[in-house]
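**Q** Can you read through this structure? Questions will come right after.
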Amino acid sequence: MVMSIGLKNNGDPFTITAIYDKWTMDTTLAKSYLSGTLYVNGQAIHQEVFQDYSQGIQFELAMGNCTVKPLPFSFTSIGRKLCLPPSSKLMTSYYGSASETLDFDMYLIPIHGGQMTMSLTPKGCTPISESISTEEGVFNFGFMGLTSGITDPSVFEMPESCNYLQGTVKKRDVGQSPFIPSI
1 MVMSIGLKNN GDPFTITAIY DKWTMDTTLA KSYLSGTLYV NGQAIHQEVF QDYSQGIQFE
61 LAMGNCTVKP LPFSFTSIGR KLCLPPSSKL MTSYYGSASE TLDFDMYLIP IHGGQMTMSL
121 TPKGCTPISE SISTEEGVFN FGFMGLTSGI TDPSVFEMPE SCNYLQGTVK KRDVGQSPFI
181 PSI
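Set out below in structure tokens:
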């Protein structure tokens, strides 16, 4: 997954590019894990993100520090799959041209301080793209090379530096960590 962010810091341009080389989501366990490198104004920072949808919280591990914050919305299950928040509204479905088709549904999702659009496959709720627009900036995500099945379930195990934060939804900043939106 690739994410690009354009922000303003005291009126000056500020860029973050993230390349997540590992993204794992288990819709039955209602958990996801991201691992990758953030480039904050050119400086590389390794980051891991643990999301627990049943508790509605996200843990972010960067520069040896862990922060926790609530997810921006709850998710609903479709069948046994965790998919979209209840506030989602289908905007459009696109099926391509006669020679090449790609079925996907695009949803509009209101979030605190902005809005999000998410394109998913209609049958399996597999993400294709996501765009978040807030007062802080515009965030774009592209999902590529996805496979089904969890090959390493240990990715959902929290690292020691985050264990003491489990069970809380109160944000605790324990060090400088770049802003990363909840997905």
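The opening residue of the sequence shown carries number 1 in my numbering; numbering runs sequentially from there. Where a beta carbon is used, it is the ideal one built from N, C-alpha and C, also for glycine. Keep in mind the model is a prediction, meaning the values are calculated, not measured.
Tell me the DSSP secondary structure of ASN65 in three-state form.
**A** As a working note, residue 65 is residue 65 in the sequence shown. Of the three classes helix, strand and coil, the one that applies to ASN65 here is strand, per DSSP.
**Q** For GLN58, is the classification buried or exposed, using 16 other Cβ atoms within 10 angstroms of its Cβ as the cut-off for buried?
**A** Here residue 58 is taken as the residue at index 58 of the sequence shown, counted from 1. Answer is buried; the Cβ neighbour count reaches 16.
**Q** For LEU102, which residues in the same chain have their Cβ closer than 6 Å to its Cβ, ignoring the five residues on either side in sequence?
**A** Start at 1 with the first residue of the sequence shown, and residue 102 comes out as number 102. Only GLY96 meet the Cβ criterion.
**Q** Taking 7 Å as the cut-off, decide whether the C-beta atoms of PHE139 and ILE150 are in contact.
**A** The residue labelled residue 139 in the question sits at position 139 within the sequence shown. The residue labelled residue 150 in the question sits at position 150 within the sequence shown. No, the pair does not count as a contact, with Cβ atoms beyond the cut-off.
**Q** Return helix, strand or coil for ASN10, following the three-state DSSP convention.
**A** In the sequence shown, residue 10 corresponds to position 10, counting from 1. Looking at ASN10 - three-state DSSP - the assignment turns out to be coil, as it is neither helix nor strand.
**Q** If you follow the alpha helix (DSSP H) that SER203 is in, where does it begin and where does it stop?
**A** Since the first residue of the chain shown is 1 and the last is 183, residue 203 is not available in this structure.
**Q** For the putative contact between LEU34 and ILE45, defined by C-beta atoms under 8 Å, what is the C-beta separation to the nearest angstrom?
**A** Taking the first residue of the sequence shown as 1, we reach residue 34 at position 34. Taking the first residue of the sequence shown as 1, we reach residue 45 at position 45. LEU34 to ILE45, Cβ: 13 Å. No contact.
**Q** Buried or exposed for TYR94, please, with buried defined as at least 16 other CB atoms from any protein chain shown within 10 angstroms of its CB.
**A** Here residue 94 refers to the residue found at position 94 when the sequence shown is read from its first residue. Exposed, by the Cβ-count rule.
**Q** May I ask which residues mark the beginning and end of the beta strand (DSSP E) holding HIS112?
**A** Within the sequence shown, numbered from 1, the residue matching residue 112 stands at position 112. Taken as a continuous stretch (DSSP letters only), HIS112 belongs to no beta strand (DSSP E), as it is neither H nor E.
**Q** Measuring CA to CA, which of LEU29, VAL40, ASP26 is closest to ILE19?
**A** For the purposes of this step, residue 19 is taken as the residue at position 19 of the sequence shown. When only C-alpha atoms are compared, the closest one is VAL40.
**Q** Which term fits LEU84, buried or exposed, when burial requires 16 or more other beta carbons within 10 angstroms of its beta carbon?
**A** For the purposes of this step, residue 84 is taken as the residue at position 84 of the sequence shown. It counts as buried.
**Q** Hey, GLN51 and SER74 are a contact pair by Cβ (cut 8 Å); roughly how many whole angstroms apart?
**A** Position 51 of the sequence shown, counted from the start, is the residue given in the question as residue 51. Position 74 of the sequence shown, counted from the start, is the residue given in the question as residue 74. Rounded, the Cβ-Cβ distance is 12 Å, inconsistent with contact.
**Q** Counting only runs of 3+ residues fully inside the region 132-161, write out the beta strand (DSSP E) ranges in chain order.
**A** List check, beta strand (DSSP E) in window: 137-142.
**Q** PRO110 and SER87 look like a contact to me (Cβ under 8 Å); what is the Cβ gap, rounded to whole Å?
**A** The sequence position of residue 110 within the sequence shown is 110, counting from 1. The sequence position of residue 87 within the sequence shown is 87, counting from 1. About 6 Å separates the two Cβ atoms, so the contact holds.
**Q** Considering only the alpha carbon of each residue, which of THR28, LEU29, SER148, ASP21 lies closest to GLU48?
**A** If you number the sequence shown from 1, residue 48 lands on position 48. For GLU48, the nearest C-alpha among the options comes from ASP21.
**Q** So for THR15, helix, strand or coil by DSSP?
**A** One-based indexing of the sequence shown puts residue 15 at position 15. Three-state result, THR15: strand.
**Q** Could you pull the start and end residues of the beta strand (DSSP E) that THR37 belongs to?
**A** Looking up residue 37 in the sequence shown gives position 37. Run containing THR37: 31-40, per the beta strand (DSSP E) assignment.
**Q** Name the two residues that bound the continuous beta strand (DSSP E) containing PHE75.
**A** Here residue 75 refers to the residue found at position 75 when the sequence shown is read from its first residue. No beta strand (DSSP E) contains PHE75, which DSSP labels as neither H nor E.
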